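If you read the sequences in order, they're chains A and B. Plus 120 on top of the position in the first sequence (first one is 1) and you've got this note's numbering. Plus 120 on top of the position in the second sequence (first one is 1) and you've got this note's numbering.
There are 2 protein chains.
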Amino acid sequence: MEEENKTQTTTTNAGREENVIYIGKKPTINYVLAVVTQFNSGAGEVTVKARGLAISKAVDVFEIVKNRYLTNVRDKEIRTSSEELTNEDGTKTKVSAIQIKMVS
Amino acid sequence: MEEENKTQTTTTNAGREENVIYIGKKPTINYVLAVVTQFNSGAGEVTVKARGLAISKAVDVFEIVKNRYLTNVRDKEIRTSSEELTNEDGTKTKVSAIQIKMVS
């Protein structure tokens with residue numbers, strides 16, 4: 121019975137995305153503080169994700185975190201991708217995305 | 121004599137930045153075609169660099185090149201940095217930058 125519970129927990133953890141912060145329209149400092157808070161709560165890895173014009177803001181967040189707040193943070197992996205969005209009229213638009221995985 | 125010339129050439133090559141395209145305010149397709157042209161001229165590596173809001177455009181350029189034009193191109197390295205600019209009034213502004221090194 122205990123064994124079964126353990127397995128379930130592991131599966132659940134693998135399925136969800138841990139410590140991911142999506143960069144949107146809020147001020148940059150909001151996301152900076154969100155990342156810092158996650159690391160200070162004991163996270164070993166925090167990932168920021170952004171699409172389109174928010175990509176620049178994601179890079180700002182990473183640079184500000186490591187230069188001003190947590191100098192031991194560095195990028196473990198920076199990946200880009202393309203995502204397809206469906207517009208209200210049914211047409212499709214491609215948009216670039218970035219994910220920056222930070223480790224402390 | 122020949123030996124000396126060889127050494128000089130090597131030094132010169134190490135000093136200059138080869139196949140670097142700076143992303144600015146022109147339309148994205150201009151930079152896409154610049155990258156494609158470099159690869160088609162025999163370059164094994166092409167790097168795009170951008171600062172500030174042009175960072176998103178640099179990611180677009182990379183995604184469009186590899187998804188639509190040269191499907192064997194991939195990113196060898198994606199790096200971010202912070203640069204300090206001096207404004208006209210002497211004050212300083214920090215701006216994030218990205219460089220995406222592509223290989224074919």
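All C-beta atoms in this analysis are idealised placements derived from N, C-alpha and C, irrespective of residue type, glycine included. Please read all numbers here as calculations on a predicted model, not as lab measurements.
Taken through DSSP and simplified to helix, strand or coil, B/Leu190 comes out as coil. Distances from the alpha-carbon of A/Gln219 to those of A/Glu208, A/Asp195 and A/Leu205 put A/Asp195 closest.
B/Gly164 and A/Thr213 have their C-alpha atoms some 31 angstroms from each other. In the assembly as shown, B/Glu204 is an exposed residue. Its beta-carbon has fewer than 16 other beta-carbons within 10 Å. A contact between stretches requires three or more CB pairs, one per stretch, nearer than 8 angstroms, and the region 176-187 of chain B meets this requirement with the region 151-160 of chain B.
For A/Gly144, no Cβ of chain B is located within less than 9 angstroms of the residue's own Cβ.
Neighbours of A/Thr200 in chain B, taken as residues at a C-beta separation under 8 angstroms, are given in chain order as Val179, Phe182, Glu183, Asp195, Ile198 and Ile220. Chain order gives the chain A residues near B/Leu173 as Leu173 and Ser176, where near means a beta carbon separation below 8 angstroms. Using a Cβ-Cβ cut-off of 9 angstroms, A/Lys214 counts as an interface residue toward chain B, since at least one Cβ of chain B sits closer than that to its own.
Rounded to the nearest whole angstrom, the CA to CA distance from B/Thr211 to A/Asp180 is 19 angstroms.
Neighbours of B/Asn187 across chain A, judged by C-beta separation under 9 angstroms: Ser202 and Lys214. Going by C-alpha positions, B/Ala178 is about 12 angstroms away from B/Val166. Here the alpha carbon of A/Val193 sits roughly 24 angstroms from the alpha carbon of A/Lys145. For the 9 angstroms CB-CB criterion, A/Ile198 and A/Lys169 do not form a contact. In this structure, the straight-line span from the alpha carbon of B/Ile143 to that of B/Arg171 is close to 8 angstroms.
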